[in-house]
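Chains as they are written, first to last, in the UniProt record's numbering: chain A, 1 to 159; chain B, 1 to 159; chain C, 1 to 159. Every residue gets a Cβ at the ideal spot worked out from N, C-alpha and C, and that includes glycine. Here is the structure we will look at, set down as structure tokens.
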Amino acid sequence: MTQKEKSTIVLFSGELDKAIAAFIIANGAAAYDHEVTIFFTFWGLNALRKDEPIAVKKGFLERMFGKMMPRGANKLGLSKMNFAGMGPQMIKHVMKKHNALSLPQLIELAQEQGVKLVACTMTMDLLGLQKEELLDGIEYAGVAAYFGDASEGKVNLFI
Amino acid sequence: MTQKEKSTIVLFSGELDKAIAAFIIANGAAAYDHEVTIFFTFWGLNALRKDEPIAVKKGFLERMFGKMMPRGANKLGLSKMNFAGMGPQMIKHVMKKHNALSLPQLIELAQEQGVKLVACTMTMDLLGLQKEELLDGIEYAGVAAYFGDASEGKVNLFI
Amino acid sequence: MTQKEKSTIVLFSGELDKAIAAFIIANGAAAYDHEVTIFFTFWGLNALRKDEPIAVKKGFLERMFGKMMPRGANKLGLSKMNFAGMGPQMIKHVMKKHNALSLPQLIELAQEQGVKLVACTMTMDLLGLQKEELLDGIEYAGVAAYFGDASEGKVNLFI
Numbered sequence: 001m002t003q004k005e006k007s008t009i010v011l012f013s014g015e016l017d018k019a020i021a022a023f024i025i026a027n028g029a030a031a032y033d034h035e036v037t038i039f040f041t042f043w044g045l046n047a048l049r050k051d052e053p054i055a056v057k058k059g060f061l062e063r064m065f066g067k068m069m070p071r072g073a074n075k076l077g078l079s080k081m082n083f084a085g086m087g088p089q090m091i092k093h094v095m096k097k098h099n100a101l102s103l104p105q106l107i108e109l110a111q112e113q114g115v116k117l118v119a120c121t122m123t124m125d126l127l128g129l130q131k132e133e134l135l136d137g138i139e140y141a142g143v144a145a146y147f148g149d150a151s152e153g154k155v156n157l158f159i
Numbered sequence: 001m002t003q004k005e006k007s008t009i010v011l012f013s014g015e016l017d018k019a020i021a022a023f024i025i026a027n028g029a030a031a032y033d034h035e036v037t038i039f040f041t042f043w044g045l046n047a048l049r050k051d052e053p054i055a056v057k058k059g060f061l062e063r064m065f066g067k068m069m070p071r072g073a074n075k076l077g078l079s080k081m082n083f084a085g086m087g088p089q090m091i092k093h094v095m096k097k098h099n100a101l102s103l104p105q106l107i108e109l110a111q112e113q114g115v116k117l118v119a120c121t122m123t124m125d126l127l128g129l130q131k132e133e134l135l136d137g138i139e140y141a142g143v144a145a146y147f148g149d150a151s152e153g154k155v156n157l158f159i
Numbered sequence: 001m002t003q004k005e006k007s008t009i010v011l012f013s014g015e016l017d018k019a020i021a022a023f024i025i026a027n028g029a030a031a032y033d034h035e036v037t038i039f040f041t042f043w044g045l046n047a048l049r050k051d052e053p054i055a056v057k058k059g060f061l062e063r064m065f066g067k068m069m070p071r072g073a074n075k076l077g078l079s080k081m082n083f084a085g086m087g088p089q090m091i092k093h094v095m096k097k098h099n100a101l102s103l104p105q106l107i108e109l110a111q112e113q114g115v116k117l118v119a120c121t122m123t124m125d126l127l128g129l130q131k132e133e134l135l136d137g138i139e140y141a142g143v144a145a146y147f148g149d150a151s152e153g154k155v156n157l158f159i
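Here's what the structure looks like:
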């Protein structure tokens, strides 16, 4: 039995368009039979947040970060032409019109295809995000685990 | 005869400075005798637009996107210090002073060196860009073709 | 004796959060016993500036760039939620609280671990930055040297 080829993506950015690109590439790589890991760090973690508020105990700064950052895949802005939130609506509209999968659907597909979604524990600590606030079925690790995967990866991207 | 080594760049960003970086690396890789592909997606597609308006039939949202996005390599802004368009002029000025190639010249050089320029058909659909509006001599493909190239690539970057 | 594996990072972006991510990954890779190069280009060069003003002769535009760009690792802004400089203070505060290394400490650790810090000479020329203005102990090279390293790299990222 041959080992599957591996690929990794670091999702650092918290914008809708970049998260969509990351998941489209990840799903493409999984369809290509690669073992794929997306490592969510810094603002990228916001794509993994549940969209309802979760009651957890937090310090003041952590509560502020939690309020200021977008809560989940449906709330992300765009890296260009955000226009106070109109841009994301336009993009979502044209994606629907062209029958493209939405970001929540792309995430679901990735989980079904076995793409490993890993939240960076160090930046979770910094931003005050707790496991209860993130989607179910994801993993937790630090930079050493990421780099271990990447060092065996064929395609490694930072988005 | 040995096969050439391959390298790929995804150009996702639509800013002048990032497009210049992408083409400088791509031209460097081609000079290093790699077979290089730049895959243009989302805002990166704007670097491939012809600079005159092209008459094509479009829906309302597609026309709006077309108008709001920069038309071609000469119109791109900067990712930092854009200053309502003064930044790009400053950069172009210092590049000329230092005899650095401009972005249109870098694109031409890339085409002469055989760098494969590929427009992402999925995001062309979303943004309503049509083949007539993009530079001649480019190719069209989706994520599967990109990932096929990347999985054989030595250096794969996302810009 | 076996050759060490290599990895490279291009640091193009000039924001605190991205520079922190680049150095955390670089230090992780060095701990993994990779030979690591960070190639600083465009706004990424600002992370290498000394924090005091250095008297060097410059033309007008170069002086302007020098004044407008952040002077060193302590002055960088954030890619998200910068809030006119309050965001970086918040991030620095939580990093300290969690005993995470600051960017200047991450840079020092990288140098101790033998991470090669290379400033892109072409963009130094464009932005008018001179060797005297950058940290001691760094190297200077162009895209050809970068790509030579990257073509032998296991993990190559563009940040």
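A Cβ-Cβ contact shorter than 8 angstroms links Val36 of chain C with Ala29 of chain C.
Counting along the chain, the unbroken alpha helix (DSSP H) around Glu108 of chain C starts and ends at 103 to 112. For Phe42 of chain C, at least one C-beta of chain B is nearer than 8 angstroms to its own C-beta. Not a single CB atom of chain A sits nearer than 8 angstroms to the CB of Val155 of chain B.
Of all residues in the stretch 74 to 94 of chain C, the ones placed with a Cβ closer than 8 angstroms to any Cβ belonging to chain A are Ser79, Lys80, Met81, Met90, Ile91, His93, Val94, in chain order.
For Leu78 of chain B, same chain residues with a beta-carbon under 8 angstroms away, outside a window of 5 residues either side, are Glu15, Leu16, Asp17, Gly87, Pro88, Ile91 in chain order. Per the coordinates, the alpha-carbon of Trp43 of chain B lies some 32 angstroms from the alpha-carbon of Tyr140 of chain C. Between the beta-carbon of Lys6 of chain C and that of Gly153 of chain C there is about 5 angstroms, and that keeps the pair under the 8 angstroms contact cut. The stretch 95 to 109 of chain B and the stretch 69 to 77 of chain B touch, with no fewer than 3 CB-CB distances between them shorter than 8 angstroms. The residues Phe65, in chain order, have a CB closer than 6 angstroms to that of Leu127 of chain C in the same chain once the five nearest residues on each side in sequence are set aside. Here Ile20 of chain A has Leu103, Leu106 as same chain residues with Cβ atoms under 7 angstroms from its own Cβ, once five neighbours each way along the sequence are excluded. Contact with chain B is absent for Tyr140 of chain A, since none of that chain's Cβ atoms lies less than 8 angstroms from the residue's Cβ. For Ala141 of chain A, the pairing in a beta bridge is given by DSSP as A:Cys120.
Contact with chain B is found for Phe158 of chain A, since one of that chain's Cβ atoms lies less than 8 angstroms from the residue's Cβ.
Note on the stretch 41 to 78 of chain B: there is no whole beta strand (DSSP E) run with a minimum of 3 residues. The residue among A:Gly85, A:His93, A:Phe83, A:Met68 with its C-alpha nearest the C-alpha of Met81 of chain C is A:Met68. Residue C:Gly114 holds the alpha-carbon nearest to the alpha-carbon of Ala31 of chain C among C:Gly114, C:Tyr146, C:Asn156. Taking the beta carbon of Ser102 of chain C as reference, no residue of chain B falls within 9 angstroms; the closest one sits roughly 22 angstroms away.
The straight-line gap separating the alpha-carbon atoms of Phe83 of chain A and Met124 of chain B is approximately 21 angstroms. Residue environment analysis places Pro53 of chain B among the exposed positions, since fewer than 16 neighbouring C-beta atoms fall within 10 angstroms of its C-beta.
Within 7 angstroms of the CB of Ala150 of chain A, the CB atoms of chain C belong to Val155, in sequence order along the chain. With a threshold of 8 angstroms between beta carbons, Phe60 of chain A makes no contact with chain C.
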